[in-house]
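Q:
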Amino acid sequence: WHREGGLASSCFKTRDVNDDDDENVDVDISEDDEEHLQPNPQLKKFNLSTKRREVDYGSFADNYWGHFPKNLTVGLDASLVWAEFMSIIKGSFQSLSYPKGFLPLDEYLNFAKKKSGSYSSSRRDDVYRLFLRYQSMKAERAEYDQCDMTTYVYNKFK
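In this text, residue positions in the sequence shown follow our numbering: the first is 3, and each later residue adds one.
#1: So V57 is in the beta strand (DSSP E); what residue range does that whole segment cover?
#2: So what's Y146 in DSSP terms, helix, strand or just coil?
#3: Would you grab the beta carbon distance between F87 and F133 for me? Rounded to a whole angstrom, and I think it's under 8 Å.
#4: Going by the CB atoms, is the gap between F70 and R143 shorter than 7 Å?
#5: Is Y110 helix, strand or coil when you go by DSSP?
#6: Ends of the alpha helix (DSSP H) at V83?
#7: When the distance is taken between beta carbons, is D128 closer than 7 Å to L74?
#8: Kindly indicate the opening and closing residues of the alpha helix (DSSP H) around K72.
#9: Pick out whichever of D64, D108, E145 has its Cα sitting closest to the Cα of I90.
#10: Compare the C-alpha of L111 against each of S123, A63, K102 and name the closest.
#11: Excluding sequence positions up to five away, which residues of its chain have a Cβ less than 6 Å from the Cβ of D150?
#12: Between the C-alpha atoms of A141 and A80, what's the straight-line distance to the nearest angstrom?
#13: T152: which of F95, Y59, G77, Y121 sits nearest, CA to CA?
#14: Between which residues of its own chain and E2 is the CB-CB distance below 6 Å, once the five residues before and five after are set aside?
#15: Does DSSP classify K115 as helix, strand or coil?
#16: Check this for me: beta carbons of Y154 and L98, under 7 Å apart or not?
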């Protein structure tokens, strides 16, 4: 998040950022897939004044996609997976009603079925597992994406 560039500019560029606020933000860093589906009482705090990087599609493709298990990515397209993350799992209006800011697996499967997402039902499970790994890796790296920022702002003004 970068105050000078504003929200719109921060959503489309990958860059190092500094924020002068002393406010802390909770970030879930649980590592097991199952833990992501349940509220996690162990949250790490980090200060917004620390340098953080925004993850956009380019950095996702370059810095995340190649680190996912091959058995989950075979036959999947990185750009379509990213779109599923940003438009359905984390970017749908429904995702804002969940404490972690993203749809649980069962809701994702139902939502994707109704809206006919990018993948068949047999692959949606893999997409969701990739999403959980992405969330974990992103938290370990103290990075954020546009949906994290949107959820943060939404919850601040709710």
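In this text, a Cβ means the ideal position worked out from N, Cα and C, and glycines have one as well.
A: On the basis of the supplied data:
#1: Where V57 is concerned, the enclosing beta strand (DSSP E) starts and stops at 54 to 57.
#2: Y146 falls in the strand class under three-state DSSP.
#3: 5 Å
#4: no
#5: helix
#6: For V83, the uninterrupted alpha helix (DSSP H) run begins and ends at 80 to 86, by DSSP.
#7: yes
#8: 72 to 75
#9: D108
#10: Among S123, A63, K102, the Cα nearest to that of L111 belongs to S123.
#11: none
#12: 20 Å
#13: Comparing Cα-Cα distances from T152 to each of F95, Y59, G77, Y121, the minimum goes to F95.
#14: It is not possible to answer for residue 2, since the shown part of the chain is limited to 3 through 160.
#15: helix
#16: no
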